[in-house]
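Written out below as structure tokens is the structure these notes cover.
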Amino acid sequence: MNRRMKIKISLVIAATLALLLVNAAVFTYYPVAVTVTGVQPVVFAAGSNAGKPDLGDGNTIVVTLGANGTSASITVHPTYQTTYYKDVLRLQNQDSEKSYYVAIRVNDPAELEGASTATLRIYDSTGTLIDTVDLTTTGTTDWIAVLNAEDYLRFDLKFYIEEETSLPSSETIGFEVIYSPQNVESAP
Amino acid sequence: MILKGTNRTLIAIFSSVFLIILLSYIIPTYASVYAYIPTLASLNPIAPPVWLNDPQENQVTVLIGANRTSASITIKALTTNLELAFNSDFYTGPDGWHFVPGMYLTNAYWLPNYQGALGVIEVYGTIPGFNGDITVLFQNITIPSIPLSTLTEKITYYYLSRPSSRCFIIGGLYDWEDGLWVFLDALRCDENMWSEAVFNIDPSVVKPGKIYGLIAGVMLFNTIIFPQTYYIYYDKVELVAQTTNPVYSGNWLLCISDGNNYRGKLIVEETSFSGKINATVWLTSFEGSETSRIVIRDSKVIVSETSEIPFTQPPPGYSSLYFKIDTSVEPASSGTLSFKFRFKTGGVVAEYPLTLFIHDPENGREENVNVKFHKRIPVHKVRLENLLSDLGELIEK
């Protein structure tokens, strides 16, 4: 290393130290106003079969929506073999311009015996199957659907309860619908 | 030159730094917006609201699943003598039969017994001298939709003889649709004993699935000047069809539901055949309504599902739905059909799996079974006059 280079390095180090000292000592405040505006571009809506008769004398398919349509509770009464609930819940995009990507996260899976299954089947508004989600295991799907502006997705439920297993008196399945304007990263 | 090189380096460094800063702003901007909407689904499973039952038929073996929501059924198809007449022995009454009176033979009663026979129809009347009369019992029967090798009408009767009289027992099949007799014959009566008049009918004169009027009658002539009272008793009137191939016609499964209103149908999912099988499969409700039919012809599925049929809780002693089949199997043939019994109410659809195995257990060897073909058809009252006039012509001859 020649003398000239040593001087340059010394100057850089000196400048860096000076900058650090300046940064440590100087505080600059720029005012930022954060305005939080509540929007609900995507909400739940009852499907066409919500409230209709279910299996069993006097039973109905119960769909209860949260006050703002941002939560939903479904109660159904399946029996042995295959029971299919079509169009019990819809995911409605109220935005007139923006599309959203949709993923499903199963937090509280169904605990069923034997080879029994519980599946969420998601259809677009034309009736095309978009994806099926296993409701017996936890996990988050990829971005499985694009919910276009003012469009909706249809949620069906399909259960298979194997014969010779005991019927649970009640079983709760918790899942979340995640939506985002981007599909670059998975939902945290 | 050195200055130019330094500038390029600086531009490159500044560009990279700018890009990194830009990306570090852009990526978090898009990645940071997620909305989560919670959903809770509560399953309250219930005991099956619709359950399957064994019809307890001789030729049918049924294995019902542990929770009565699946079934495996085996049908043993046999060469069969099908008794086509309903209530052919009058054992408990005259149900299903109609009396067409003559001019003088105008009385018909059911008696619990006569001359050792249980359950008989008594017909009587006084015929003036040098006169004759004719009277018949009839009911409508349906010819099964399967090939027949023989068709036989048997009338078991007792004729109380009278002097200077002639008696003939009449057997016949009347085609309501075309308004003609496809079979009509008379045999001289035996006297004062239970006798059997047997009429062999050519099976080719009847059409599969068609309705005919089955006639059992008597023709009496009084050949003396004084009036005489005649009595004739019927113990049985049978029409027996023997099938060419092993067959089974009847129930293969039953189902019962709770008080909800359902709509059900059958769908063929898979089939496998060995040899040749013909079958029609359908559902009927306890109220008598029927679905359209699944059709299997020459071991090929022609129609794969029935129409829908409404059903609900049946009255005691009945089932909500009866699973029916008419099947004809060529000797040594067999077939397996996988069905879905699909039923729905409101916004829910349920499916039960069913497997049906049809076979000729004797591999074509002769085995015979007698089966009652209980089916009642509404009476075509409008055509009775035609029937009577044709019988009148017979008297004149």
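Residue numbers (this note's numbering), protein chains in the order written: chain A, 1 to 188; chain B, 1 to 397.
All C-beta atoms, glycine included, are put in the ideal place defined by N, C-alpha and C.
Given the structure is predicted, the values throughout are model-derived calculations rather than measurements.
Check whether chain B comes within 8 Å of residue i, counting only Cβ atoms and requiring the distance to be less than that.
{"i": "alanine 187(A)", "result": "yes"}
{"i": "tyrosine 84(A)", "result": "yes"}
{"i": "lysine 52(A)", "result": "yes"}
{"i": "alanine 149(A)", "result": "no"}
{"i": "glutamate 111(A)", "result": "no"}
{"i": "valine 76(A)", "result": "yes"}
{"i": "valine 88(A)", "result": "yes"}
{"i": "arginine 4(A)", "result": "no"}
By Cβ distance below 8 Å, which residues in the same chain neighbour residue i in space, the five residues on each side in sequence not counted?
{"i": "threonine 284(B)", "result": "Glu290, Thr291, Ile309, Leu321, Tyr322, Lys324"}
{"i": "threonine 141(A)", "result": "Ala103, Ile104, Arg105, Asp131, Val133"}
{"i": "glycine 209(B)", "result": "Thr142, Ile143, Pro144, Ser145"}
{"i": "serine 96(A)", "result": "Ala149, Glu150"}
{"i": "serine 304(B)", "result": "Ile267, Val268, Ile294"}
{"i": "isoleucine 73(B)", "result": "Val60, Thr61, Val62, Leu63, Trp252, Leu253, Leu354, Thr355, Leu356, Phe357"}
{"i": "alanine 350(B)", "result": "Val50, Arg342, Phe343, Lys344"}
Give a yes or no on whether the minimum CB-CB distance between residue i and chain A is below 8 Å.
{"i": "histidine 374(B)", "result": "Low per-residue confidence applies at histidine 374(B): pLDDT is 47, beneath 50, and the placement is therefore not dependable, though the value from the model is reported in the following sentence. No, its Cβ sits nowhere closer than 8 Å to a Cβ of chain A."}
{"i": "threonine 345(B)", "result": "yes"}
{"i": "leucine 321(B)", "result": "no"}
{"i": "isoleucine 73(B)", "result": "no"}
{"i": "glycine 125(B)", "result": "no"}
{"i": "isoleucine 46(B)", "result": "yes"}
{"i": "glutamate 83(B)", "result": "no"}
{"i": "alanine 186(B)", "result": "no"}
Kindly indicate which residue of the options has the alpha-carbon position closest to the one of residue i.
{"i": "threonine 336(B)", "options": "Asn87(B), Gly347(B), Phe357(B), Thr345(B)", "result": "Phe357(B)"}
{"i": "serine 257(B)", "options": "Pro315(B), Glu330(B), Phe99(B)", "result": "Pro315(B)"}
{"i": "isoleucine 144(A)", "options": "Ile161(A), Asp124(A), Phe159(A), Glu162(A)", "result": "Asp124(A)"}
{"i": "leucine 173(B)", "options": "Asn140(B), Ser164(B), Met193(B), Cys189(B)", "result": "Asn140(B)"}
{"i": "glycine 96(B)", "options": "Ile121(B), Tyr104(B), Asn192(B)", "result": "Ile121(B)"}
{"i": "arginine 90(A)", "options": "Tyr80(A), Thr83(A), Ile74(A), Thr82(A)", "result": "Ile74(A)"}
{"i": "threonine 345(B)", "options": "Val42(A), Asp57(A), Val43(A), Tyr80(A)", "result": "Asp57(A)"}
{"i": "lysine 98(A)", "options": "Ser169(A), Leu147(A), Ser186(A)", "result": "Leu147(A)"}
{"i": "asparagine 58(B)", "options": "Gln242(B), Cys189(B), Leu253(B), Leu239(B)", "result": "Leu253(B)"}
{"i": "phenylalanine 90(B)", "options": "Gly317(B), Ser333(B), Tyr233(B)", "result": "Tyr233(B)"}
{"i": "leucine 105(B)", "options": "Gly125(B), Glu196(B), Leu63(B)", "result": "Gly125(B)"}
{"i": "glutamate 162(A)", "options": "Ser180(A), Lys8(A), Gln81(A)", "result": "Gln81(A)"}
{"i": "glutamine 40(A)", "options": "Pro78(A), Ala46(A), Ala67(A)", "result": "Ala67(A)"}
{"i": "serine 333(B)", "options": "Leu111(B), Thr327(B), Ile277(B), Pro353(B)", "result": "Ile277(B)"}
{"i": "leucine 148(B)", "options": "Thr244(B), Gly259(B), Ser319(B), Ser161(B)", "result": "Thr244(B)"}
{"i": "alanine 71(B)", "options": "Cys255(B), Gly347(B), Gln313(B)", "result": "Cys255(B)"}
{"i": "leucine 151(B)", "options": "Lys340(B), Leu239(B), Asn131(B), Arg188(B)", "result": "Leu239(B)"}
{"i": "tyrosine 101(A)", "options": "Leu167(A), Val42(A), Leu120(A), Phe175(A)", "result": "Val42(A)"}
{"i": "glycine 288(B)", "options": "Asn107(B), Lys265(B), Ser319(B)", "result": "Ser319(B)"}
{"i": "proline 48(B)", "options": "Leu214(B), Leu137(B), Gln228(B), Ala66(B)", "result": "Ala66(B)"}
Could you work out which residues of chain A lie near residue i, taking near to mean beta carbons separated by less than 7 Å?
{"i": "serine 70(B)", "result": "Gln81, Glu163"}
{"i": "asparagine 245(B)", "result": "Residues of chain A passing the Cβ test: none, with the nearest at roughly 35 Å."}
Within a Cβ cutoff of 7 Å, which residues of the same chain sit near residue i, ignoring the five residues on either side of it in sequence?
{"i": "threonine 172(A)", "result": "Asp108"}
{"i": "asparagine 251(B)", "result": "Pro55, Glu57, Tyr322, Phe323, Lys324"}
{"i": "serine 164(B)", "result": "Thr223, Ile224"}
{"i": "alanine 118(A)", "result": "Ala110, Leu112, Leu135, Thr136, Phe159, Ile173"}
{"i": "asparagine 261(B)", "result": "Pro310, Thr312, Thr345"}
Can you list the residues of chain A that residue i reaches, using a CB-CB cut of under 9 Å?
{"i": "proline 315(B)", "result": "Residues of chain A passing the Cβ test: none, with the nearest at roughly 16 Å."}
{"i": "isoleucine 37(B)", "result": "Val42, Val43, Phe44, Gly66, Gly69, Thr70, Ser71, Ala72, Leu91, Glu176, Val177, Ile178, Tyr179"}
{"i": "valine 33(B)", "result": "Ser180, Pro181, Gln182"}
{"i": "glycine 259(B)", "result": "Asp57, Gly58"}
{"i": "serine 42(B)", "result": "Val62, Ser73, Ile74, Thr75, Val76, Ser170, Glu171, Thr172, Ile173"}
{"i": "valine 295(B)", "result": "What valine 295(B) touches in chain A: nothing, since even the nearest Cβ is about 26 Å away."}
{"i": "tyrosine 352(B)", "result": "Tyr80, Gln81, Thr82"}
{"i": "valine 349(B)", "result": "Thr82, Thr83, Tyr84, Tyr85, Lys86"}
Please find out if some non-hydrogen atom of the ligand ADP comes closer than 7 Å to the beta-carbon of residue i.
{"i": "tyrosine 34(B)", "result": "Ligands displayed in this structure: none; no statement on the ligand ADP is therefore possible."}
Which same chain residues end up closer than 6 Å to residue i when comparing Cβ atoms and leaving out the 5 residues on each side of it in sequence?
{"i": "aspartate 235(B)", "result": "Ala117, Val120, Thr156"}
{"i": "threonine 64(A)", "result": "Ser73"}
{"i": "asparagine 59(A)", "result": "His77"}
Just to make sure I have the definition right: I need the residues of chain B whose C-beta is within less than 9 Å of the C-beta of residue i. Which are they?
{"i": "leucine 129(A)", "result": "None at all; the shortest Cβ gap to chain B is about 16 Å."}
{"i": "leucine 167(A)", "result": "Pro45, Ile46, Ala47, Asn67"}
Against residue i, what residues of chain A qualify as contacts under a CB-to-CB distance less than 8 Å, listed in chain order?
{"i": "proline 361(B)", "result": "Residues of chain A passing the Cβ test: none, with the nearest at roughly 28 Å."}
Applying a beta-carbon distance threshold of less than 8 Å, which residues of chain D neighbour residue i?
{"i": "leucine 157(A)", "result": "In the structure shown, chain D cannot be found, because the protein chains are A and B."}
Item checked: Start-end ranges of the beta strand (DSSP E) lying completely within the segment 26–72 of chain B, minimum 3 residues -> 35–43, 50–53, 60–64
Item checked: Minimum length 3: unbroken beta strand (DSSP E) runs contained in the segment 141–197 of chain B -> 148–160, 165–175, 180–188
Margin query: Could you tell me which whole beta strand (DSSP E) segments of length 3 or greater appear in the segment 194–223 of chain B?
Written below: 194–201, 211–222
Next item on the list: Would you list, in sequence order, the uninterrupted alpha helix (DSSP H) runs of no fewer than 4 residues that lie entirely inside the segment 83–107 of chain A?
Entry: none
Notebook entry, point to check: For the segment 117–174 of chain A, which segments carrying the beta strand (DSSP E) assignment without a break, of at least 3 residues, lie completely within its bounds, in sequence order?
Noted result: 117–124, 129–134, 145–147, 152–161
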